[in-house]
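Per the numbering used here, the sequence shown starts with residue -15, numbered consecutively.
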Amino acid sequence: MAEQGFKLDEEKFFCSICLDLLNEPVTTSCGHSFCKSCIRNHWDAEDQKGTYTCPQCRQAFMSRPVLGKNTMLADLVEELKKNVVQAAPHPQHYAEPGDVACDVCTERKLKASKSCLQCMASYCELHLQPHYESPNFQRHKLVEALAKLQENMCSVHSKVKELFCHSDQQCICSVCAMEEHSGHDTVSAIAERTERQRELGPRWQKIQQRIQDREKHMKLLQQQMEAIASSADKAMRDTQTMFNQLHRLVEKRSSDVQQQIRFQQQTELSRAKELQKKLQQEVTDLRRRDAELEQLSRTEDHGQFLLSYPLLLGLSESTHSASINIHPQSYFQEVTAAVSELVNKLQCILSQDWSEVSLTEGETLLRTEQHKTLVKQQMHLVPPPPPCLQPPTESRTSVKQQPWLVPPPPLIPSLQPPAESKTLVKQQPCLVPPPLPYIQTLDELKTLMKKQLHLVPPPSPPPPSLQPSVESKTFANQQPCLVLPEESKTLVKQQPHLVLPPPSLRLPAESKSLVRQQPCLVLPPPLLQSPVEPKTRDEFLQYSQHITLDPNTVNKGLELSEGNRKVTWINKIQSYPDHADRFIDTFQVLSRESLTGRCYWEVKRTRSVSVAVAYRSISRTGSGSVFGDNDKSWATYCCLSKYEFKHDSIVTFLSGLRSSTVGVYLDHSAGILSFYSVSETMTLLHRVQTTFTQPLHAGLWVGFGSSAELVSTSVV
């Protein structure tokens, strides 16, 4: 029988420090074997402590043991090296940057799995075995591997920080409690941890609740973003459909006009050719008659001449040449002019109403919230007349029936209006335009064009109740001494039947009797004449005011520059300090200087800007803080395609020359506020006559991606 060998457990010949086969194995007095270099390095690190321990069993030696070579073990290791391929630890067991390394391993350290709070060291799985096997380590506290384990050791007394000082709010060791922290309120670190752990519960729940709330808000925000995207996509599809319909309608009308022009061209050409044919025949007959006359004039037979003369003398008048009217440039001028004027009207409508759909970002929400309010306000911009000037009931009924008081019909009847418009159409069926008829002839085309150009008839004369009597006209003619202001002169030109002397004039008895009989013809006292306003820019610049913007009022979404004279909307929150005067909810800023007396300043803008004046007491938060949405501010909004004036939430749409510079003239004592469009000339945009009860401040509102700058003005 062959000799049966025995198998050696190669793990028994591994050094517990380097986890490799023993190299020059030596044995300690406790019976454990290590590489000679490994145990020396281990004890060299413990020289400062004065005690030496066995890395395997943690037995302590008061003096450094003398090491002796284990010859038998060295021979076995050499044999094992010859027959066994050395196995290295798995790469995942080595400590990487950021991992807690084993404090016992030499050379390349393994990853620590536990830390001992008594030994104040971290161990890998191999070096942790003595803590599981030896009774001496049973009471040691093992925790998950800690990276900052030495922080639990007192740097002064080299003892574990087992206590917590309430007085100094720090962990201390038992020696510190008797010395530096003597008399302080101290408890065990475990007890303090338990108390802090109990307090941590409610805070943890609060944090979790806030996380849930924020996640809910994020979900709602995501839904809102999806809704915005969906709404934008739908709006793009719908508007594209509408514009396609408009495009098709324009193409259809263009095709109809071209077809009718060609049809009329063929008709006129056929008539001209027929006339040309008749004229050609007439020319042929005339040439034949001309030849006969020439032949007759040469004949020498007097009898034949006298016989033929009456027959050739008769010549009928031509009826064809009278119908010829040569004007090649004006055959279709009326059609061209009608189409041109219709196109101009369409362009005017698009330019005036386009601002309702060309809103900038930041105005969309504001327009959505204020849409219904603005519609109601626009229906009541003109206040009703006093009772004495109101027409009778039948006149009011006739006014309601006047077609020019109804907004013009839309260009495309097939487009679907919004829900509010549908309701309005149900209530006002007169707003629905009739279907466009098909054009048969050129005359019908001209008639239709003229109807389109005269949709708005002239105003009707005043009702009989407002017609002046003969006595009134006579009395007015007999009072040449009345001097009316310019506003009254304009009113007189527009309403000649309301001309009467002001009530402050002493009237004769017969005139007073007339006033009693017709009190509705008495005009209110004229307004007091305001001081003469400047007319030219040079005159305005005489009242030029240097204005700077107040950093304490500017919204944190705006940036000031150019010496606090320029404000710009930026996509970044500024680090302005909190201040009671700062605008919170609107991108606005007020001037530092208060404005009284006569002042003039200019604002150069880009994109959407509001130029305003306001009392210092204007609200700083909420929707009521927007310039023009309260009774403490007056604002002119300058957008890309329109101007509008706003005060106390009442909007007035402005016309006039668009420019990048707006001039503001203020006469505080006279209650005059005027806004001008400044370019090569000054064009009045809007004028306010009121009473100012407080000093005013210049204000600027800046929209998305816009900026506004106070221009330095000087007398030219």
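Backbone N, C-alpha and C define an ideal beta-carbon position, used for all residues, glycine too.
Item, Value
"Pick helix, strand or coil for residue 122, following the three-state DSSP scheme.", "coil"
"What are the complete beta strand (DSSP E) segments, minimum 3 residues, inside the stretch 135 to 217?", "147 to 149, 154 to 156 and 170 to 172"
"Taking the alpha helix (DSSP H) that residue 116 falls in, what are its first and last residues?", "113 to 117"
"Suppose you measure from the CA of residue 321 to the CA of residue 633; what does that come to, to the nearest Å?", "42 Å"
"Are there three or more Cβ pairs, one per stretch, closer than 8 Å when the stretch -1 to 6 is compared with the stretch 26 to 41?", "yes"
"Going by C-alpha to C-alpha distance, which of 84, 60, 14 and 65 sits closest to residue 50?", "14"
"By the three-class DSSP mapping on this structure, what secondary structure does residue 651 have?", "strand"
"Thinking C-alpha only, which one of 539, 551 and 627 is nearest residue 695?", "551"
"Taking buried to mean at least 16 other C-beta atoms within 10 Å of its own C-beta, is residue 690 buried or exposed?", "buried"
"Within the same chain, show all residues whose beta-carbon is closer than 8 Å to that of residue 81, passing over the 5 residues directly before and after it, in chain order.", "none"
"On the criterion of 16 or more Cβ atoms from any shown chain inside 10 Å, does residue 582 qualify as buried, or is it exposed?", "buried"
"What is the DSSP secondary structure of residue 109, counted as helix, strand or coil?", "coil"
"Give me the Cα-Cα distance between residue 6 and residue 53, rounded to the nearest whole angstrom.", "12 Å"
"Is the beta carbon of residue 108 sitting closer than 8 Å to the one on residue 138?", "no"
"Does the separation of the CB atoms of residue 669 and residue 640 fall below 8 Å?", "yes"
"Going by the beta-carbon positions, is the gap between residue 154 and residue 125 smaller than 8 Å?", "no"
"Got a sec, what are the start and stop residues for the alpha helix (DSSP H) residue 550 sits in?", "Run containing residue 550: none in the alpha helix (DSSP H); it sits in the beta strand (DSSP E), 550 to 553."
"Nearest-angstrom Cα distance between residue 676 and residue 196?", "52 Å"
"May I ask you to verify whether the stretch 541 to 561 touches the stretch 653 to 669, counting CB pairs closer than 8 Å and requiring at least 3?", "no"
"Please tell me whether residue 241 and residue 327 are closer than 8 Å, where the distance is taken between their beta carbons.", "no"
"If I follow the unbroken alpha helix (DSSP H) through residue 86, where does it start and stop?", "Neither: residue 86 is in no alpha helix (DSSP H) and is coded neither H nor E."
"Starting from residue 634, trace the beta strand (DSSP E) both ways and give me its first and last residue.", "634 to 638"
"I need the boundaries of the beta strand (DSSP E) containing residue 100, first residue and last residue.", "98 to 100"
"Can you have a look at residue 534 and say buried or exposed, based on whether 16 or more other CB atoms are within 10 angstroms of its CB?", "buried"
"Curious, which full-length beta strand (DSSP E) runs of at least 3 residues does the stretch 548 to 598 contain?", "550 to 553, 572 to 574 and 582 to 590"
"Do residue 682 and residue 542 have their beta-carbon atoms positioned less than 8 Å apart in this structure?", "no"
"Leaving out five residues on either side along the sequence, give the residues of the same chain with a beta carbon under 6 Å from the beta carbon of residue 658.", "649 and 671"
"In the structure shown, what three-state DSSP assignment does residue 656 receive?", "strand"
"Secondary structure at residue 629, three-state DSSP: helix, strand or coil?", "strand"
"Helix, strand or coil: which one does DSSP assign to residue 683?", "strand"
"Taking a contact to mean a Cβ-Cβ separation below 8 Å, would you say residue 83 touches residue 105 in this structure?", "no"
"Could you pull out every residue in the same chain whose Cβ sits closer than 7 Å to the Cβ of residue 605, ignoring the five residues on either side in sequence?", "568 and 569"
"Return the chain-ordered list of same chain residues with a C-beta closer than 7 Å to the C-beta of residue 591, the five sequence neighbours on each side being excluded.", "344, 624, 687, 689 and 690"
"Work out the CA separation of residue 674 and residue 481 for me, nearest whole Å.", "For residue 481, the pLDDT reaches just 40, beneath the cut-off of 50, and the residue's location in the model is therefore unreliable, although a value from the coordinates is still provided. Answer to the nearest angstrom: the Cα atoms are 28 Å apart."
"Measure the C-alpha to C-alpha separation of residue 223 and residue 216 and round it to an integer number of angstroms.", "10 Å"
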